[in-house]
Amino acid sequence: MRFLLDTEQRAFAGSLDAMLTAADTPSVVRDWSRGDHAKGRALWSRVAGAGVFALAVPEEYEGVGRLPLDLAVAFVELGRHAVPGPLVETVTAAALLSELGDPAPAKRLLPALASGESMATVARRGSYALDGDAVAVRLSLTDGEVRLSPGHGPVRASLDPARRRTHLHPGGELLATAPPFATALLWARLATAAQALGVGLALLDRTVAYVRQRTQFGVPIGSFQAVKHRLADAKVALEFARPLVLGAAATLDPADVAAAKVTACEAAYTTARTALQLHGAIGYTAEYDLSLWLTKARALRTAWGTPGECRAVVVSG
Amino acid sequence: MRFLLDTEQRAFAGSLDAMLTAADTPSVVRDWSRGDHAKGRALWSRVAGAGVFALAVPEEYEGVGRLPLDLAVAFVELGRHAVPGPLVETVTAAALLSELGDPAPAKRLLPALASGESMATVARRGSYALDGDAVAVRLSLTDGEVRLSPGHGPVRASLDPARRRTHLHPGGELLATAPPFATALLWARLATAAQALGVGLALLDRTVAYVRQRTQFGVPIGSFQAVKHRLADAKVALEFARPLVLGAAATLDPADVAAAKVTACEAAYTTARTALQLHGAIGYTAEYDLSLWLTKARALRTAWGTPGECRAVVVSG
Amino acid sequence: MDLTNSPADEAFRAEARAWLDAHVPAEPLPSLETEEGFAAHRAWEAELAADRWSVVSWPEEFGGRGADVFRWLVFEEEYYAAGAPGRVGQNGISLLAPTLFEHGTEEQRARVLPSMATGETVWAQAWSEPEAGSDLASLTSRAVRTDGGWLLSGQKTWSSRAAFADRAFGLFRSEPGTPRPHQGLTYLMFDLHAPGVTVRPIGRLDGKPAFAELFLDEVLVPDEDVIGEPGQGWRIAMSTTAEERGLTLRSPGRFLAAADRLAALWREGGEDPFTRDRVADALIGARAYQLFTYAAASRSAAGERLGPESSLNKVFWSEYDIALHETALDLLGEEGESADTGWSESYVFSLAGPVYAGTNEIQRDIIAERLLGLPRGRR
Amino acid sequence: MDLTNSPADEAFRAEARAWLDAHVPAEPLPSLETEEGFAAHRAWEAELAADRWSVVSWPEEFGGRGADVFRWLVFEEEYYAAGAPGRVGQNGISLLAPTLFEHGTEEQRARVLPSMATGETVWAQAWSEPEAGSDLASLTSRAVRTDGGWLLSGQKTWSSRAAFADRAFGLFRSEPGTPRPHQGLTYLMFDLHAPGVTVRPIGRLDGKPAFAELFLDEVLVPDEDVIGEPGQGWRIAMSTTAEERGLTLRSPGRFLAAADRLAALWREGGEDPFTRDRVADALIGARAYQLFTYAAASRSAAGERLGPESSLNKVFWSEYDIALHETALDLLGEEGESADTGWSESYVFSLAGPVYAGTNEIQRDIIAERLLGLPRGRR
């Protein structure tokens, strides 16, 4: 038993954090939200270059083997920096393609996902596929088959403008029958949970910094006990979500993963509400960068499993 | 439209409050909890003498007519002073007896309930009857009939020691078939809601008084913002429960009554949790009088309709 | 105690309902926080005003119906139940007009109110400044005396409606260096298109320019646009903000209608049991808020002045509104993420509730100190 | 990262489980807060101790098994999963013993620990005083130097277990008038049956005497019962209370077992959908607390000292425990009002969680100031 990240994992997180801090992600997010993907693609390459997507790809397809814990570590950082794009979906597509009966689609598509050369999205028929307009690989799922969708519908706006959702056109090349959707869902939820945890941690950090410098009635508002206690509650929520996320990555047990998903997302959303309240009006504006995390916290709550769906898995687990 | 108590109703509340304040109700409650009913019966007579039970009894049975609003006003005061005994049950029995097809049982039993000469309890078969050991009139209900139960089983302890619950023996004199249970339930829930509101108000008052005088770290703990805000939340909850209770008394609409029941009981319980937290250890002791209200707040939540049952009525209303 | 409306009020209700049935647009107007929507809502104000439904509580001479508060509550119930558009004139009608009725001159009322009632002039509020949020008394924008009027300079922010509105009202420091910060402030009205005014729209969380920053550089305001005595602005504004937090900022009709819509959504979705209790709480909360308001209105009608209890009201409705919308989004499931559902814009709007019109932290301090009598001074 | 137990730990688990299967009483013991139940629980401690299961984390020489924290966690999981009785020796084992291991003498350990391990001596804690709740440094009970020892006088309260226990430990002011209140305190052990000690049991909300007031009137305590240096009691106690709030006060096994019981109750009742989410949250919370504890234990094993993060732990478990019990009572419906269900006593016990071992208000101040770096000084 040693439930701790090792030195390399911490260094990996640290280097991603440093790279993303230097990347001015807010301007990347704002461009992405307008459908201008240039900066986002450049950042994607650097994220891939750091090895993030390869963590979801087996070695035989030019990944580094499937390492969910390292992937979770990376996704916390991606969430912390509000990196846009089909991050979770690319990982989900990789999980799905890795486990098809026929290795041909994996051989053809996975190396480019691992290297960052292409992005992927994935959706069940009827659901939205994130960033269908930006990706090369669009996996369209039904209960019985997975197809390479030939195109996508218009973008449907999300409360998080960086999440550009589209329906996928039906038809297209049949990649496999009986796709391993349960496995894909595990990876999707795990990655979303980690991303949400990162979003929540960023919201807390930014709010702590804000209340230390914002003064009202002649003192920093961070000296008011009501402010302190709300932030303390956010800290408790996030610090108890964190081990669930890492534990789920370690076990990949469906109930653990569902528990991590709902808890990390609720903690992030609670923290978003607190962040908004403690920033006051400035936090309510789209132009202030806080909004990039606030809106994402809301959207991630229902992505890849609503709170109710996740709790249903927990009680049946 | 004039949604305000009139001068007489306010004076009625004030005189009950004064009478009960002088009555040392905590010692009455403690005796009652041990099964010593002497002081409780004496207090009952005074409550009846003030006209409380007559408010649930039609004039033809020596009441003052059925006045649910005045009754609610009275029950707020009874709750505020933690008066023990089958208060709600006596009112419920009166509502039930008033509306039987055959007037004979009402003629025989109601005058004594109105005057306070006898107390009543009432229960559906399988449920507990409060204070079955203390009363002369035990109404036992099934879907099809109401009987005068010949006796009661042993007392089952409640988290509120003043609530001495018993099963009623089956059989006994048949008073009527097809009893108007829905009406009885309305009165039971309304009276419970008002009582719970009074319990919550007392808990708030006592806690406010406590935090003004209790010092820690050299200042009254009531000067800490975390303490203030918890009490403010209790105040909001109670002040929005109050119009629901009075409104339900005015309309006797089942959804209004159920809404008042669940809201007043939740507000009282929330206030109990706050009261306990802000009193610290002293509040956690049976010997400190606060406990009389704390435990009642918990017990009333499920009496005559759980929160879920009440909410079900609201959404179907 | 009488919880029924008078026959006259019910007749008024029937008249309002009939008018709304005939006039409320079948399709929702575009968002009033867009240029197109703003214009559509302004036209709707004119349509209301044409049949004297825009300002029912005002005297008839200004376009109203002299409705008392109970009749106003009836109107609001019908208005929101009918799904009628949001009120682009709300700032002027519920904040500025009461101040003019109480502190303005005859001349000001005659000049300002009729065009407010028709939507010809839409008003923005200009209270806040970048460094004065909850601490409203620390305003620094200046009003400097000049010949026949005042020159306004400084910066206002969070000015709702200002992106598209015509005029604005707010407080300005006319006497610098007073012993206490809320002294020496003057309440003024000014033109958003006057020379020296720069309006910079600010996008809300959903990107819509629901408010703006105002940069003022020696903006000339004639004396006739001062409300009350110069230097007395704080007292005058406080009577307005007490009103704002009190009865008229959020009418019960709004929440009754929202709760009914929520319950309908829940029923249409098959009465999901996991959400039942939250739907019930939304219905209960709307009823509680309605009854609380009736009680307050009854006290007000009986001559009582509503004081700090309006803080109870503010905390309740602002948190209620968010909870209701969160329940709605949860009922929508994945669809709830979308920015264009029938609940999205009002969800975003609800999020501002606990912040504006005095943060809920301030309101809880007021409740604790002024209603419960707890010691002041530490926060 | 390795979230699995070693084969040796799993063998230990199997051994513990087998022993518990064979020994745990089929019927619950009477409440340990009654005289009869106290005696029964004391006998159970002896039964545990006979096979070296009462203090598994202690060294073997004192009756333990030298279990590290991970093995202790395994033991606790099995212990509560087996539905084994509450631990009447908890105060001594988890509060006093760690202090003796860190600050006591060889002689004290040899004299005190063996009888603690067998339940022959049951210890009460004597921290609080009537005027010193959260403000523990303001203690006024005195220890006055006398020949070969100290004379204790004053009043202690909220002394848990003291109604029926044998001995107690606490802080006493041995140097009056020190510049700061937490200086000049001495950590002492004393006999509850010594001349000069009066024990007044205090009934908990459910009437059971779960704690007591202690009136001390020149109670003679020999020097051998001073722990550490006289005057250094605060520092010594703080290392104990940090431990108290940290890993060992509430083991994850306790909540895992409670959540499983709750889920079983929910399933037996037909999986009421209205309560599903709360049952799920109980299961999730137990898992979160288990994993949080594993992480803390791993850091501790790696040589890190656990500091203010124990405040996160305290807030979490204390509020979790109440929520879990409220859900259980709600599942019981009207029956949940009863004082003798399988959930009643632990519900009442849970209510004390946010108050004792440092109120949650204090814990949140610590989290804000020491973990988040917010300014101190105002509350």
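Chains as they are written, first to last, in my numbering: chain A, 47 to 363; chain B, 47 to 363; chain C, 109 to 487; chain D, 109 to 487.
For every residue, glycine included, the Cβ atom is placed at its ideal position computed from N, Cα and C.
Three-state secondary structure (DSSP) of residue i
i, result
"threonine 306/D", "strand"
"phenylalanine 277/C", "strand"
"glycine 60/A", "helix"
"aspartate 325/D", "strand"
"glycine 363/A", "coil"
"proline 130/B", "coil"
"threonine 404/A", "Residue 404/A falls outside the range modelled here, since chain A spans only 47 to 363, and no answer is possible."
"isoleucine 474/D", "helix"
"arginine 288/B", "helix"
"proline 284/D", "coil"
"glutamate 237/C", "strand"
"threonine 71/A", "helix"
"leucine 51/B", "coil"
"proline 483/C", "coil"
"tryptophan 231/D", "strand"
"valine 196/D", "coil"
"arginine 384/C", "helix"
"arginine 171/A", "coil"
Within 9 Å, strictly: CB atoms of residue i and residue j
i, j, result
"glycine 176/B", "glutamate 135/B", "The sequence given here places leucine at residue 176/B; glycine does not occur at that position. Yes. Within cutoff."
"leucine 249/A", "leucine 133/A", "no"
"arginine 258/A", "glycine 481/D", "yes"
"threonine 309/A", "leucine 340/A", "no"
"alanine 527/C", "aspartate 368/C", "Within the shown structure, residues of chain C are numbered from 109 to 487, placing residue 527/C beyond reach of any answer."
"alanine 230/B", "cysteine 311/B", "no"
"alanine 327/B", "alanine 287/B", "no"
"tryptophan 161/C", "valine 361/B", "no"
"glutamate 469/C", "alanine 283/A", "no"
"glycine 256/C", "alanine 157/C", "no"
Per DSSP, the bridge partner or partners of residue i
i, result
"tyrosine 295/D", "Leu279/D and Ile335/D"
"alanine 251/D", "Leu260/D"
"phenylalanine 319/D", "Ser268/D and Ile310/D"
"aspartate 110/C", "Arg48/B"
"glutamine 340/C", "Leu293/C"
"proline 266/A", "Thr261/A"
"serine 446/C", "Ser204/A"
Cβ contact (3+ pairs, closer than 8 Å) linking the region 113–127 of chain D and the region 182–190 of chain D: Enough Cβ pairs lie closer than 8 Å, so yes.
Three CB pairs or more closer than 8 Å across the region 235–247 of chain C and the region 275–293 of chain C: Yes, the region 235–247 of chain C is in contact with the region 275–293 of chain C.
Segment contact, 8 Å Cβ cut-off, at least three pairs: the region 238–248 of chain A with the region 306–322 of chain A: Flag = yes, the region 238–248 of chain A and the region 306–322 of chain A touch.
Any 3 or more C-beta pairs closer than 8 Å across the region 332–341 of chain D and the region 404–420 of chain D: Result no; under three Cβ-Cβ pairs closer than 8 Å.
Validate contact between the region 458–471 of chain C and the region 418–428 of chain C using beta carbons, cut 8 Å, 3 pairs: As far as the Cβ criterion goes, the region 458–471 of chain C touches the region 418–428 of chain C, which means the pair count is three or higher.
Inside the region 107–156 of chain A only - alpha helix (DSSP H) runs reaching at least 4 residues: You should have 114–126 and 133–144.
Cβ pair count under 8 Å reaching 3, the region 139–147 of chain B against the region 217–237 of chain B: Flag = yes, the region 139–147 of chain B and the region 217–237 of chain B touch.
Inside the region 177–229 of chain B only - beta strand (DSSP E) runs reaching at least 3 residues: As far as the region 177–229 of chain B is concerned, its whole beta strand (DSSP E) runs of at least 3 residues are 183–187, 191–194 and 219–223.
Stretch-stretch touch, CB-based, cutoff 8 Å, three pairs: the region 165–176 of chain B with the region 202–221 of chain B: Judged by Cβ distances under 8 Å, the region 165–176 of chain B makes contact with the region 202–221 of chain B, as three or more pairs qualify.
contact_flag[the region 293–300 of chain D, the region 324–333 of chain D] where n(CB pairs < 8 Å) is 3 or more: In the pairwise beta carbon analysis, the region 293–300 of chain D is classified as touching the region 324–333 of chain D: at least three pairs are separated by under 8 Å.
Touching by the beta-carbon criterion (3+ pairs, under 8 Å), the region 440–452 of chain C and the region 378–389 of chain C: The answer is no - the region 378–389 of chain C does not touch the region 440–452 of chain C, with fewer than three Cβ pairs under 8 Å.
Alpha helix (DSSP H) runs contained entirely in the region 112–180 of chain D, provided each spans 4 or more residues: 115–131 and 143–158, all fully within the region 112–180 of chain D.
Touch test, the region 152–166 of chain B against the region 102–111 of chain B, Cβ-Cβ under 8 Å, three pairs minimum: With the rule of 3 Cβ pairs closer than 8 Å, the region 152–166 of chain B counts as touching the region 102–111 of chain B.
Touch test, the region 341–355 of chain A against the region 72–85 of chain B, Cβ-Cβ under 8 Å, three pairs minimum: When Cβ pairs closer than 8 Å are counted between the two stretches, the region 341–355 of chain A is seen not to touch the region 72–85 of chain B, the count staying below three.
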